[in-house]
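Data first, discussion second: the structure below is written as structure tokens.
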Amino acid sequence: MVVRKVRGGDLREACLQEALAIIETAGVEGLSLREVARRLGISHQAPYKHFASRDHILAEIVRRAFDSFAHYLDTHQQNGDPHAELAAMGRAYFSYAQAHPLQYRLMFGTPLPDPAQHPDMMHSARHTFTLLQACIDRMSQTLGKPTSPENATLDALFVWAALHGLASILQTRALDTLALPDPVLKQAASHILLQIGAALGTHP
Numbered sequence: 001m002v003v004r005k006v007r008g009g010d011l012r013e014a015c016l017q018e019a020l021a022i023i024e025t026a027g028v029e030g031l032s033l034r035e036v037a038r039r040l041g042i043s044h045q046a047p048y049k050h051f052a053s054r055d056h057i058l059a060e061i062v063r064r065a066f067d068s069f070a071h072y073l074d075t076h077q078q079n080g081d082p083h084a085e086l087a088a089m090g091r092a093y094f095s096y097a098q099a100h101p102l103q104y105r106l107m108f109g110t111p112l113p114d115p116a117q118h119p120d121m122m123h124s125a126r127h128t129f130t131l132l133q134a135c136i137d138r139m140s141q142t143l144g145k146p147t148s149p150e151n152a153t154l155d156a157l158f159v160w161a162a163l164h165g166l167a168s169i170l171q172t173r174a175l176d177t178l179a180l181p182d183p184v185l186k187q188a189a190s191h192i193l194l195q196i197g198a199a200l201g202t203h204p
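FYI, in my numbering the residues of the sequence shown are 1 to 204.
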């Protein structure tokens, strides 16, 4: 084997990028630090300089996915009336899931490494949910309907379940079995957002 000279931060980043490529083609089950090293043409021990185990490199990939997702949601927020803000976040949710299917599956369709061993990953994961909670809290305050933290969390879970449900169905192409007409498919996301708004009372 020809050992490539990839060092320091370059080696760490190269390992992460190669690990992501492995997951894309072989799934999470195909990921190992040994396979990362083999594909990069480096010694089998080299990745261990930066990652203690396969779960550690997977946790970093998932953490980055959550950070990317949170940044996308945050930058697509729309200030204004409560319905517009929540709808904008919903559209951004669907848009990210469609544009980054691999990252979306890693966040929500893959068993995560042990949370207790990877606090940075869990912090990033919780931050995305916090953005949704904060949006709903602002909505409640603007509408003059303040709610308890517990109810705000329950509302956020409801919204997340609805958004994640449709995003996952669209990703797996499960709707293909229903042979739905194109107008229905095109309106699915907007209809879900409309019903969420109605349920939470954000309509004028």
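Note that beta-carbon positions come from the ideal geometry of N, C-alpha and C, so glycine has one too.
The C-alpha of residue 176 lies about 36 Å from the C-alpha of residue 81. Between residue 185 and residue 139 the beta-carbon gap is near 28 Å, outside 8 Å, which marks them as no contact. Our two residues, residue 112 and residue 29, have alpha carbons roughly 12 Å apart in a direct line. The beta carbon of residue 102 sits closer than 8 Å to those of 20, 23 and 24, all from its chain and outside the five residues before and after it, given in chain order. Residue 27 sits in coil when the DSSP states are folded into three classes, being neither helix nor strand. The C-beta of residue 47 has 16 or more other C-beta atoms within 10 Å across all chains shown, which makes the residue buried. Counting along the chain, residue 124 sits inside the alpha helix (DSSP H) bounded by residues 119-142. The Cβ neighbour count for residue 190, taken over all protein chains shown within 10 Å, is under 16; the residue is labelled exposed. In the DSSP annotation of this structure, residue 46 is not part of any alpha helix (DSSP H), being labelled neither H nor E.
Taking residue 188 as reference, the option from 199, 201, 169 and 200 with the minimal CA-CA separation is 169. Its Cα nearest to that of residue 53, the residue 117 stands out among 97, 117, 65 and 41. Counting C-beta atoms within 10 angstroms of its own C-beta, residue 106 has 16 or more neighbours from the protein chains shown and is therefore classed as buried. Following the DSSP letters along the chain, one finds residue 171 inside the alpha helix (DSSP H) bounded by residues 149-172. A distance below 7 Å between beta-carbons, with the five flanking residues on each side excluded, links residue 18 to the following residues of its chain, in chain order: 36, 39 and 40. Counting every other CB atom within 10 Å of its CB across the protein chains shown gives residue 63 a total of 16 or more, marking it as buried.
Residue state for residue 56 is assigned as helix, using DSSP reduced to three classes. For residue 116, no alpha helix (DSSP H) encloses it, and the DSSP letter there is neither H nor E. With contact defined as three or more Cβ pairs closer than 8 Å, the region 66-78 and the region 127-144 are in contact. At a Cβ-Cβ threshold of 8 Å, residue 16 and residue 57 count as neighbours.
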